[in-house]
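Below is one structure; the comments refer to it alone.
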Amino acid sequence: MLGGVCLVLLLICSAFFSASETALIALSKGRAKALLKERRRGARSLFILKSKPQKMLIAILIGNNLVNIGASAIATVIATRMLGSIGPGVAVGVLTVLVLIFGEVTPKSLATRYSERISLVVSPIVLWFQRTIYPVISLFEVIAEVVGKAAISSEDDPTVTESELISMIGYGEEEGTIDQGERVLIERAFALSDLTVADVMTPRHKVFTYDGRTPVSKALEDLKETPYSRIPLFSEDPDEIQTVLYMRDLMVAVIDEQTQVQVGEIGREAKFVPDTQPVTDTISGFRKEQQHMAIVVDEHGTMEGVVTFEDLLEELVGEIYDESDQKPVELVELGLNKISVDGAVEVRLIEEYFGTELPGKSTDTINRWILDHTERIPITGETFALDDFEVLVKSASRRRIHEVTIERLGHGPSLLDM
3 MLGGVCLVLL LICSAFFSAS ETALIALSKG RAKALLKERR RGARSLFILK
53 SKPQKMLIAI LIGNNLVNIG ASAIATVIAT RMLGSIGPGV AVGVLTVLVL
103 IFGEVTPKSL ATRYSERISL VVSPIVLWFQ RTIYPVISLF EVIAEVVGKA
153 AISSEDDPTV TESELISMIG YGEEEGTIDQ GERVLIERAF ALSDLTVADV
203 MTPRHKVFTY DGRTPVSKAL EDLKETPYSR IPLFSEDPDE IQTVLYMRDL
253 MVAVIDEQTQ VQVGEIGREA KFVPDTQPVT DTISGFRKEQ QHMAIVVDEH
303 GTMEGVVTFE DLLEELVGEI YDESDQKPVE LVELGLNKIS VDGAVEVRLI
353 EEYFGTELPG KSTDTINRWI LDHTERIPIT GETFALDDFE VLVKSASRRR
403 IHEVTIERLG HGPSLLDM
């Protein structure tokens, strides 16, 4: 009778250690820290365990092996008394099934599903057990360190990689934890670290510059319709930018009756950045120096273009349009079931036009829809098929798709024709 009770208790302990192992390993250290900040019961013990995962794992494995060995010994004794010489064989078979069902599969399945809840419950007990057998754990750590000397690299692998985080974000969207807009914003934030100023700048041929030798009075007449608040100024060579004119400084000069002063004299010193500078460094520089625009130059000091704080912000939140900007035409019909659209157009508008969902997972813009399928930015003129749709990239740069033609093959009139 006593042996049977001990066997049941040891199986319960086996289930406890198995569930603890799965739940504690499944829960991230970041989540453990968040639970600690929330002052959840058991969170302190949980965070201590996650701070030293090797000690935690050794403690759990020692505990699990001890109870399984104990259960095996007791089961053998009981079976031998009841069945004689065939008892040990029967004990091994029966105990194996019991341990698999009640000590491994069932508790680990539950721990996988409820890892956070179970981790908070078991952590204080596991931490107490870890401290109780601390000398044994230290011995195993030394052995593990000696054996580990054969490893190729002494550097630890990262606990969480960027690709894993992005996958977690996608999973969070599927589970409803974050919405699509939040997912896009986070993914763009990760992508920002891979971009240089050359990827986001306005190229030289599109930059509006002005002669800095022009008097304030004439500049006011020339620039009164300009949509720009900051204008690069040159002296003789349009590619040799010296200063930047702030339109508010021009207004101040007019109010102060400095109408004959050259605008170059009231311009502010231009900020220059190399075209290879990471976007993240440029953002930090803008914030530190309270700047909103910089002249982009190559290795020879030749002007390549202009980058503004708005350009950098658009890499995170998408295109920004103010009162002076002309938004792109969302959709232009080219024929039956054939349209031309800007890459920033929302997928839902295209789906409404064709009266069907576009193939693939849900995305916000045509740009993202194409990138999800091609896993790269296609070049201008590239054509590819996606189910019933043929897509032609009419215009693309190194960082985004600007314009595409989409044709639905083998179908009748679109909804707009009905």
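Residues in the sequence shown are numbered consecutively from 3, following my numbering.
Think of the CB as a built atom: it goes at the ideal place given N, C-alpha and C, for glycine as much as any other residue.
Model, not experiment: these values are computed from the prediction.
Top-ranked residue by Cα proximity to residue i, from the options
{"i": "Ser22", "options": "Leu12, Leu9, Glu106, Gly91", "result": "Glu106"}
{"i": "Leu187", "options": "Val254, Leu315, Ile139", "result": "Leu315"}
{"i": "Leu11", "options": "Thr407, Leu68, Met295", "result": "Leu68"}
{"i": "Leu301", "options": "Met249, Thr278, Val319", "result": "Checking the sequence, you will find Glu at residue 301 rather than Leu. That would be Thr278, whose Cα lies nearest to the Cα of Glu301."}
{"i": "Phe288", "options": "Asp313, Val265, Gly303", "result": "Asp313"}
{"i": "Arg350", "options": "Asp224, Glu359, Met58", "result": "Glu359"}
{"i": "Ala73", "options": "Thr114, Leu13, Ser125", "result": "Leu13"}
{"i": "Leu139", "options": "Gly91, Ala81, Gln56", "result": "It is worth fixing the name first, because residue 139 is Ile in this sequence and not Leu. Among Gly91, Ala81, Gln56, the Cα nearest to that of Ile139 belongs to Gln56."}
{"i": "Gly65", "options": "Ala36, Thr134, Ser111, Ala75", "result": "Thr134"}
For residue i, three-class secondary structure by DSSP
{"i": "Val406", "result": "strand"}
{"i": "Phe311", "result": "helix"}
{"i": "Leu262", "result": "Note on identity: in this sequence residue 262 is Gln, with Leu being the wrong assignment. It is coil, neither helix nor strand."}
{"i": "Tyr212", "result": "strand"}
{"i": "Ile154", "result": "Caution applies to Ile154, whose pLDDT of 46 falls short of 50 and renders its modelled position unreliable; the value that the coordinates give is listed next. Reduced to three states, the DSSP call for Ile154 is coil."}
{"i": "Lys110", "result": "helix"}
{"i": "Glu40", "result": "coil"}
{"i": "Asp277", "result": "coil"}
{"i": "Leu12", "result": "helix"}
{"i": "Ile233", "result": "strand"}
{"i": "Ser399", "result": "coil"}
{"i": "Ala28", "result": "helix"}
{"i": "Asp239", "result": "coil"}
{"i": "Ile381", "result": "coil"}
CB-CB length for residue i against residue j, believed under 8 Å
{"i": "Ala28", "j": "Ser117", "result": "4 Å"}
{"i": "Ala61", "j": "Val149", "result": "The pair is not a contact, with the Cβ atoms about 18 Å apart (cut-off 8 Å)."}
{"i": "Glu317", "j": "Leu197", "result": "7 Å"}
{"i": "Asp374", "j": "Gln182", "result": "The Cβ separation is near 13 Å, so there is no contact."}
{"i": "Met305", "j": "Arg410", "result": "44 Å between Cβ atoms; not a contact."}
{"i": "Ala34", "j": "Val124", "result": "At roughly 13 Å, the Cβ-Cβ gap does not stay under 8 Å, so Ala34 and Val124 are not in contact."}
Beta-bridge pairing of residue i - partner residues as DSSP gives them
{"i": "Met295", "result": "Thr310"}
{"i": "Ser169", "result": "According to DSSP, Ser169 bridges with nothing at all."}
{"i": "Leu388", "result": "Phe391"}
{"i": "Met305", "result": "Val299"}
{"i": "Pro205", "result": "Gly307"}
N- and C-terminal bounds of the alpha helix (DSSP H) containing residue i
{"i": "Val138", "result": "136-149"}
{"i": "Leu225", "result": "218-225"}
{"i": "Asp251", "result": "249-257"}
{"i": "Val343", "result": "Counting along the chain, Val343 falls outside any alpha helix (DSSP H), though it belongs to the beta strand (DSSP E) covering 340-344."}
{"i": "Val349", "result": "349-356"}
Enclosing beta strand (DSSP E) for residue i [first to last residue]
{"i": "Val199", "result": "It is not in any beta strand (DSSP E) - Val199 instead sits in the alpha helix (DSSP H) that spans 199-202."}
{"i": "Thr376", "result": "Not the beta strand (DSSP E): Thr376 falls in the alpha helix (DSSP H), residues 368-376."}
{"i": "Gly337", "result": "333-337"}
{"i": "Ile103", "result": "Run containing Ile103: none; DSSP gives neither H nor E here."}
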